[in-house]
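Asker: Before I ask anything, let me first share the structure, which is written out below as structure tokens.
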Amino acid sequence: MNVPLLDLKGQHRDLRSELDAAIGEVMESAAFIGGPKVAALEEAIAAYSGTSHAVACASGTDALFLILAALGIGKGDEVITTPFTFIATVEAIAHVGARPVFVDIEEDTYNMDVSKLEAAVTEHTRAVMPVHIFGQCVDMDPLLAVADRHGLAVIEDACQAIGATYKGRRAGSMGTAAAFSFFPSKNLGCAGDGGCITTNDAELAAKMKKLSLHGTTTKYFHDAIGVNSRLDALQAAILLAKLPHLDRWNEARRQAAAVYVELLEGSPGLGLPAWRDYGEPVWHLYVVKASSREAAERVMTALQNEGIGTGLYYPLCLHEQKAIRQIDGFRAPSLLVAESCDFRTFALPLFPGITRKQQEAVARVVLEALAP
Ligand SMILES: *Cc1c(COP(=O)(O)O)cnc(C)c1O
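Heads up, the sequence shown is in the working numbering, so the first residue is 1325 and it goes up one at a time.
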């Protein structure tokens, strides 16, 4: 049975008339940069996340960069983060000239192990960048306590976690500022690249907005060296049409995750992702762990042979990547939990609209491939 890793075509078919109307309206107005749709989206994302401000930009990567730049983090500074994330998190740190410092992860959520955070703080540390990986929040209260003790900014990488909660708070509302991505495959995706920043700090929001618009306050007057990082009005219109459906989609993802638990829990040689009871994850990806590289490869090959989508998330930790090792002054740490995930953690299909029959087919192939 053919089961894609993610079914975006189905989602778009369901929303066809809403999306067509939204796109048509922008084409009719011919206002493609800035304008009412972008302002409305910023307002909607701030309200959704429970923050007072949102700044739309061109991607989640840019969102992270703009936050760091606006906070004045740069050369000689250290930013603590996780090695188990998409490289964009660390690219942003490197692009402002700061040095990434990695803390090991939890074995069953793949999130930063916050109990190891404080030991990584030095006199150079300026910020900590938790990544809510695969849509489950990092254990934020102890992290915020460490940040508070040492006067560190907290930058949430919420690119995979829009809608996730932690003790009743939304991802993206707990730190100094947060980055969201609207890359098409994210839980709320547009039709290209897009991103957004949330914060409760009005001054910081204004600074990030300015940096995203060539450092401009008044047209053709620039008081900072900025970048060109805007969200297109077309993308904003598409996102405004999709946002009202996000909670329903995230709930469907949680239900599908529960079905995998029912079908796969207790299978020897397969680790399922833990679900911490401090909040509601949004399962951007449902990532399982095989007992060895060989077992992971065997299961993934079996899935692919049946036309079932899968992929390694992530094959190689960031502190082991060539690009990261080249960063000036980088000291490669030994992070045993994260390293033990290399080539062993892979995603099973999970998306709103996946059927029980499809999940049963996935589980059957996984269990057969694992059987001795
Ligand atoms: C997708 C993603 C990003 C980058 O977002 P883009 O919009 O693709 O630039 C950053 N961090 C994480 C954890 C992501 O998953």
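Every residue gets a Cβ at the ideal spot worked out from N, C-alpha and C, and that includes glycine.
Residues in the same chain with beta-carbon distance under 7 Å from L1535, minus the five sequence neighbours each way, listed in chain order, please.
Answerer: The residues are L1390, A1393, A1394, A1548, G1550 and V1551.
Asker: For P1466, collect the residues of the same chain with a Cβ closer than 7 Å to its Cβ; drop the 5 residues on either side in sequence, then sort them by chain order.
Answerer: Here the set comprises V1438.
Asker: Quick one: is M1498 buried, meaning 16 or more other Cβ sit within 10 Å of its Cβ, or exposed?
Answerer: Buried.
Asker: Could you give the DSSP three-state label for I1562: helix, strand or coil?
Answerer: Helix.
Asker: The alpha helix (DSSP H) with F1389 in it runs from where to where?
Answerer: F1389 -> alpha helix (DSSP H) spans G1384 to A1394.
Asker: For the alpha helix (DSSP H) holding V1690, just list the boundary residues, first then last.
Answerer: Taken as a continuous stretch (DSSP letters only), the alpha helix (DSSP H) holding V1690 covers R1680 to L1694.
Asker: What I want to know is whether the C-beta of Q1484 ends up closer than 6 Å to one or more non-hydrogen atoms of ligand 1.
Answerer: Checking every heavy atom of ligand 1 against the Cβ of Q1484, one is found closer than 6 Å.
Asker: For I1369 and T1522, which I take to be in contact (beta-carbon distance under 8 Å), what is that distance rounded to the nearest angstrom?
Answerer: At roughly 7 Å, the Cβ-Cβ gap stays under 8 Å, so I1369 and T1522 are in contact.
Asker: Using the C-alpha atoms, what's the distance from S1341 back to A1619?
Answerer: Each residue's Cα considered, the two are about 45 Å apart.
Asker: Is V1612 near ligand 2, in the sense that its beta carbon is under 6 Å from a heavy atom of that ligand?
Answerer: Annotation note on ligand 2: not contained in the displayed structure, which lists ligand 1 as its ligands.
Asker: Within 10 angstroms of the Cβ of R1554, are there 16 or more other Cβ atoms? Answer buried if so, exposed if not.
Answerer: It counts as buried.
Asker: Which class does N1552 belong to by DSSP, given the choice of helix, strand or coil?
Answerer: Of the three classes helix, strand and coil, the one that applies to N1552 here is strand, per DSSP.
Asker: With respect to 6 Å, is the separation between the Cβ of T1489 and the closest non-hydrogen atom of ligand 1 below this value?
Answerer: Flag unset: Cβ of T1489 not near ligand 1.
Asker: Spell out whether any CB of chain B is found under 7 Å from the CB atom of G1539.
Answerer: In the displayed structure, chain B is absent; only one protein chain is listed.
Asker: What is the C-beta distance between L1642 and I1651, in whole angstroms, given that I count them as a contact (C-beta under 8 Å)?
Answerer: At roughly 10 Å, the Cβ-Cβ gap does not stay under 8 Å, so L1642 and I1651 are not in contact.
Asker: In whole angstroms, what separates the C-alpha of L1537 from that of A1530?
Answerer: Taking the straight line from one Cα to the other gives about 11 Å.
Asker: Can you have a look at D1517 and say buried or exposed, based on whether 16 or more other CB atoms are within 10 angstroms of its CB?
Answerer: Answer is buried; the Cβ neighbour count reaches 16.
Asker: Quick check on T1409: does DSSP put it in helix, strand or coil?
Answerer: Coil, per DSSP.
Asker: Do the stretch 1399 to 1410 and the stretch 1600 to 1617 touch if we need at least three Cβ pairs shorter than 8 Å?
Answerer: Too few Cβ pairs lie closer than 8 Å, so no.
Asker: Quick check on the DSSP output: the alpha helix (DSSP H) that includes H1336 runs from which residue to which?
Answerer: Run containing H1336: L1332 to D1338, per the alpha helix (DSSP H) assignment.
Asker: Which residues does DSSP pair with I1429 in a beta bridge?
Answerer: M1436.
Asker: What's the call for S1658, buried or exposed, on a 16-neighbour Cβ count within 10 Å?
Answerer: Burial call: exposed.
Asker: With a CB to CB cut of under 6 Å and the five nearest residues on each side skipped, what residues in its chain are close to H1608?
Answerer: Only F1458, G1459, Q1484 and N1511 meet the Cβ criterion.
Asker: Need the endpoints of the beta strand (DSSP E) that K1613 sits in, please.
Answerer: First-last of the beta strand (DSSP E) with K1613: Y1610 to A1614.
Asker: Could you have a look at Y1490 and say whether DSSP puts it in helix, strand or coil?
Answerer: Y1490 falls in the strand class under three-state DSSP.
Asker: Can you give the Cα-Cα distance for C1514 and M1436, rounded to whole angstroms?
Answerer: The straight-line gap from Cα to Cα measures roughly 28 Å.
Asker: Identify which residue in A1469, M1532 and M1464 has its Cα closest to the Cα of H1377.
Answerer: Checked all of A1469, M1532 and M1464; the closest Cα to H1377 is M1532.
Asker: Could you pull the start and end residues of the alpha helix (DSSP H) that A1471 belongs to?
Answerer: Residues M1464 to H1474.
Asker: Going by DSSP in three states, T1523 sits in which element: helix, strand or coil?
Answerer: Of the three classes helix, strand and coil, the one that applies to T1523 here is strand, per DSSP.
Asker: For V1455 versus T1409, is the C-beta distance shorter than 7 Å?
Answerer: Cβ atoms of V1455 and T1409: closer than 7 Å.
Asker: Which same chain residues end up closer than 6 Å to G1421 when comparing Cβ atoms and leaving out the 5 residues on each side of it in sequence?
Answerer: Once the five neighbours on either side are set aside, the close Cβ partners of G1421 are G1398 and K1399.
Asker: In terms of residue numbering, what span does the alpha helix (DSSP H) encompassing S1497 cover?
Answerer: Element bounds for S1497: n/a, residue is neither H nor E.
Asker: Cβ-heavy atom distance between S1383 and ligand 1 below 6 Å?
Answerer: Yes - ligand 1 has a heavy atom lying nearer than 6 Å to the Cβ of S1383.
Asker: What residue does the alpha helix (DSSP H) around A1576 start on, and which one ends it?
Answerer: It spans L1570 to L1588 - the alpha helix (DSSP H) in which A1576 sits, taken as one unbroken run.
Asker: Can you grab the Cα-Cα spacing for the pair P1328 / Y1637, in whole Å?
Answerer: Straight-line Cα distance between these residues: approximately 16 Å.
Asker: Helix, strand or coil, according to DSSP, for R1655 in the structure here?
Answerer: Looking at R1655 - three-state DSSP - the assignment turns out to be coil, as it is neither helix nor strand.
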